[in-house]
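**Student:** Quick one: the structure is below, and I'll ask about it shortly.
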Amino acid sequence: MNDVLLAFLLTLFAGLATGVGSVLAFFAKTTNTKFLSFALGLSAGVMIYVSMVEIFFKAKDALTASMGETEGYWFTIIGFFAGMLFIGLIDKFIPKHSNPHEVKKVEDMEKPGTALNDPALMKMGMFTALALAIHNFPEGIATFVSTLQDPSIGIAIAIAVAIHNIPEGIAVSVPIYYATGDRKKAFKLSFLSGLAEPVGAAVAFLILMPFLSDVLFGIIFSMVAGIMVFISLDELLPAAKRYDEAHLSIYGVMTGMAIMAVSLVLMA
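Residue numbers (my numbering): 43 to 310.
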C-alpha cells in the first residue's frame, strides 16, 4: 500500500508542476531560456535513457518469462511502438494552435496592446488546457505503473515529467490571461489541467490493478517506454531547441542520461 501511495503522490507532484509554470508566467519578468533549454534537455535525457535501458528490458523480461523468448520479445516490440502510436494519435488530433508544447515565454504576459475579453484567445487557452489534460493522462498512468514496479524509476519519470510540465503551464496561462486579464483564472485552469496526471493514476489503479499480471504489466511497461521516447523526441527536444542557447539542450540530454545511469547503478 505504501508503494501505491508513493505512486499517487509522484503523479500529483508531476501534474502540479503546471502550476509552477503559471507562477513563473505571473511573477518573473523574463523567461530564463538557458534554464528551460537545459532543463527540457535533461528531462528528455532521463526519459530516453530510462525507457531504452531499463523500462523496455523490464517489460521484455516479464513477457518472455510468461510467453517464451520469441513471442515475449515480439510483444515487447509491439507494445513499445503501440505506445508511440497512442501518444502520437493524441498529438495528431490536437489543433496546432492549441498544442501545449508550442513555446511561449513569460514576456508574452506583458505584451503591450493586448486586448482583454477576446473570445478567440479565451477559446485558445481553454483548448490548450484541455489538450494538456489529455497529454497528462497517459503520463499519469506511466508514472503510476513505473513507480509500482520500481520506485526509483517512478521518481525519475515523475521529475522528468514535472520539468516538462513547467513550460506547458506557461502555454496554458498566457492566452487565458490575454483574454481575461485574470491571473487567478489563468492559474486555476493551468493547475486543473495538471490534475489529469493523478486522474490517470486513479484510472490505472481502479481498472488495471485488479487484472495486473506479468503479461499485462509487460505490455503496459513496453507501452510506457514508447510513450516516454515519443514525448522526448516529439515534444521535449524540439521545445528545448526553440529555447536553445548554443548547445545547452544537448548538454542537458547528456547530463540527464548520466544522472539516470548513475542512479540506476546506485539503486540496484
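Cβ atoms here follow ideal geometry from the backbone N, Cα and C, with glycine treated the same way.
Out of Ala107, Ala243, Leu237, which has the shortest C-alpha to C-alpha gap to Phe186?
**Tutor:** Ala243
**Student:** Go ahead and pull the three-state DSSP assignment for Ser140.
**Tutor:** Reliability fails at Ser140, whose pLDDT of 49 lies under 50, so the model's placement of it is uncertain and the value that follows must be treated cautiously. Correct three-state label for Ser140: helix.
**Student:** Is the separation between the beta-carbon of Ala303 and that of Ser64 shorter than 8 Å?
**Tutor:** no
**Student:** Could you have a look at Phe179 and say whether DSSP puts it in helix, strand or coil?
**Tutor:** helix
**Student:** Taking Cβ to Cβ, would you say Ala238 is nearer than 8 Å to Gly182?
**Tutor:** yes
**Student:** In the DSSP assignment, find the unbroken alpha helix (DSSP H) run with Val295 in it and report its ends.
**Tutor:** 290-308
**Student:** I'd like the list of long-range same chain contacts for Ser215, defined as Cβ closer than 6 Å, with 5 residues on each side in sequence excluded.
**Tutor:** Ser64, Ala67, Ala228, Ser232
**Student:** Cutting at 8 Å between CB atoms, please list the residues of its own chain near Met299, excluding the five before and the five after it.
**Tutor:** Gly87, Val88, Ile90, Tyr91
**Student:** Classify Phe135 as helix, strand or coil using the three-state DSSP reduction.
**Tutor:** Note: Phe135 maps to coil in three-state DSSP.
**Student:** Is Phe98 buried or exposed, if buried means 16 or more other CB atoms sit within 10 Å of its CB?
**Tutor:** The residue in question, Phe98, is buried, as its Cβ has 16 or more Cβ neighbours within 10 Å.
**Student:** Label Thr379 either buried or exposed according to how many other C-beta atoms from any shown protein chain fall within 10 Å of its C-beta, with 16 as the threshold for buried.
**Tutor:** For residue 379 there is no data in the structure shown, the boundaries of the chain being 43 and 310.
**Student:** Check for me: the alpha helix (DSSP H) holding Met109 runs from which residue to which?
**Tutor:** 98-109
**Student:** Could you say which of Gly57, Ala101, Asn44 lies nearest to Leu234 if we only look at CA atoms?
**Tutor:** Gly57
**Student:** Counting pairs of Cβ atoms below 8 Å between the stretch 77-86 and the stretch 171-180, do you hit three or more?
**Tutor:** no
**Student:** Thinking C-beta only, is Ile269 closer than 8 Å to Ala184?
**Tutor:** yes
**Student:** Would the stretch 103-112 count as touching the stretch 248-264 if we require 3 or more Cβ pairs under 8 Å?
**Tutor:** yes
**Student:** Roughly how many angstroms separate the alpha carbons of Asp276 and Gly236, rounded to a whole number?
**Tutor:** 20 Å
**Student:** Taking 7 Å as the limit between beta carbons, can you name the residues of its chain near Tyr115, skipping five residues before and five after?
**Tutor:** Lys102, Thr106
**Student:** Just verifying my parser: in three-state terms, what is the DSSP assignment at Ser264?
**Tutor:** helix
**Student:** Kindly list the residues whose CB is nearer than 6 Å to the CB of Pro154, restricted to its own chain and excluding five residues on each side of it in sequence; keep chain order.
**Tutor:** For Pro154, the pLDDT reaches just 42, beneath the cut-off of 50, and the residue's location in the model is therefore unreliable, although a value from the coordinates is still provided. Hits under 6 Å: none found.
**Student:** Can you find a CB in chain B that lies within less than 8 Å of the CB of Leu275?
**Tutor:** Of the chains in the structure shown, none is chain B; there is only one protein chain.
**Student:** Would you kindly report the start and end of the unbroken alpha helix (DSSP H) that includes Ile249?
**Tutor:** Per DSSP, Ile249 lies in no alpha helix (DSSP H) and is assigned neither H nor E.
**Student:** So, with DSSP's three-state summary, where would you put Leu52?
**Tutor:** helix
**Student:** Would Phe272 pass as a contact of Met94 if the rule is Cβ separation under 8 Å?
**Tutor:** no
**Student:** Whole angstroms is fine: what's the gap from Pro209's alpha carbon to Leu279's?
**Tutor:** 13 Å
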